[in-house]
Amino acid sequence: MIKNEIEIKVIESSSKGNCICLFDGSKYLFLDFGSNIANTKNFYNWNLINKDKIAGALITHAHFDHIQSLNDELANNLNVYGTFDTFFNIRKNEYNKNIITNEIEENKKYKIENSNWSFQAFKAFHNIEGAVYFLIKNKKTKIVYLTDTEYAEEIKSNKKINGADIYICEGNYGSTFVDDNKLKEQKHITNIVNHMNCEDVEQIIKNKTSNKTKLFIVSHVSIKATSFDVLDFIKNQYSNKNMKVEYLLPQKINHYTFNA
Ligand SMILES: [Zn+2]
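Numbering-wise, this note's numbering puts 110 at position 125 of the sequence shown, and it's gapless, one number per residue.
Structure (structure tokens):
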């Protein structure tokens, strides 16, 4: 079997910014492009990233914490993939006109030219039009990137995202061990129906992963509304000899290497 090594480099993952970078040894693929511009610039410098090495950026939706670095000149000529509504929302605000917009439709399969990356987008259930989540493929490796959505029936019944090698899924808040008063203090509570919590994460681990799954990353953790007791519980409870469960600390660059 051909070895297919995928590196996962997390630039930022929180409500302040989201940008996760996949690297197959040849081309970088960004999942959202919403980290703080200075952080994205540092990442480019540290990794000696030049435009020839970038396949593109898949954008889940047009909230600021998923798109902010598109406004910098480092995104000039970047191939950006998003839905019609996502680009409509991006254009409503001042935005960098030099990005290359590639409009995508839900459920269709796309291959990114001159790379081994391909993907499919599915409808997400979030408080902005055009939000999607992604199934990404590189040779035989399957990666699911699921964030900023309610864990709706349509997602539960989407068998295409079952048994992936890697999952990157939002655990934006976790109420199991958090007392209600503490949770109510958070502004985020008003948005809670549009995000996945740690109980949803447990459901995904139980219903979507298989013995093929090697890595499960809980992302978009909220430093205020997600209980670290809950995250540690999930990590310890569901990590096994096949699958490693990890969670991303906000504001910290995380780095994983995955061998398929
Ligand atoms: Zn959002």
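By construction, the Cβ of each residue, glycine as well, lies at the ideal position given by its N, Cα and C atoms.
- The three-state secondary structure of N87, taken from DSSP, is strand.
- For V203 against G156, the beta-carbon gap comes to about 4 Å, under 8 Å, which counts as contact.
- The residues N61 and N62, in chain order, have a CB closer than 7 Å to that of N83 in the same chain once the five nearest residues on each side in sequence are set aside.
- For E(-8), there is no enclosing alpha helix (DSSP H); the residue is part of the beta strand (DSSP E) that begins and ends at E(-10) to S(-1).
- The region 46 to 55 makes contact with the region 10 to 23: 3 or more CB pairs, one atom from each, lie closer than 8 Å.
- Checking the DSSP bridge columns, you'll see V203 partnered with C154 and Y232.
- By the neighbour-count criterion, in which a residue is buried when 16 or more other Cβ atoms sit within 10 angstroms of its Cβ, L33 is exposed.
- Here the C-alpha atom of K77 lies approximately 44 Å from the C-alpha atom of Q222.
- When N192, T45 and D185 are compared, the shortest CA-CA separation from N74 is found for T45.
- Under the 10 Å beta carbon count, N3 is surrounded by 16 or more other beta carbons and is classified as buried.
- Under the DSSP assignment, I128 falls outside any alpha helix (DSSP H), being part of the beta strand (DSSP E) whose first and last residues are T126 to L131.
- Along the length of the region 6 to 51, whole beta strand (DSSP E) runs at least 3 residues long occupy 13 to 16 and 39 to 43, reported in chain order.
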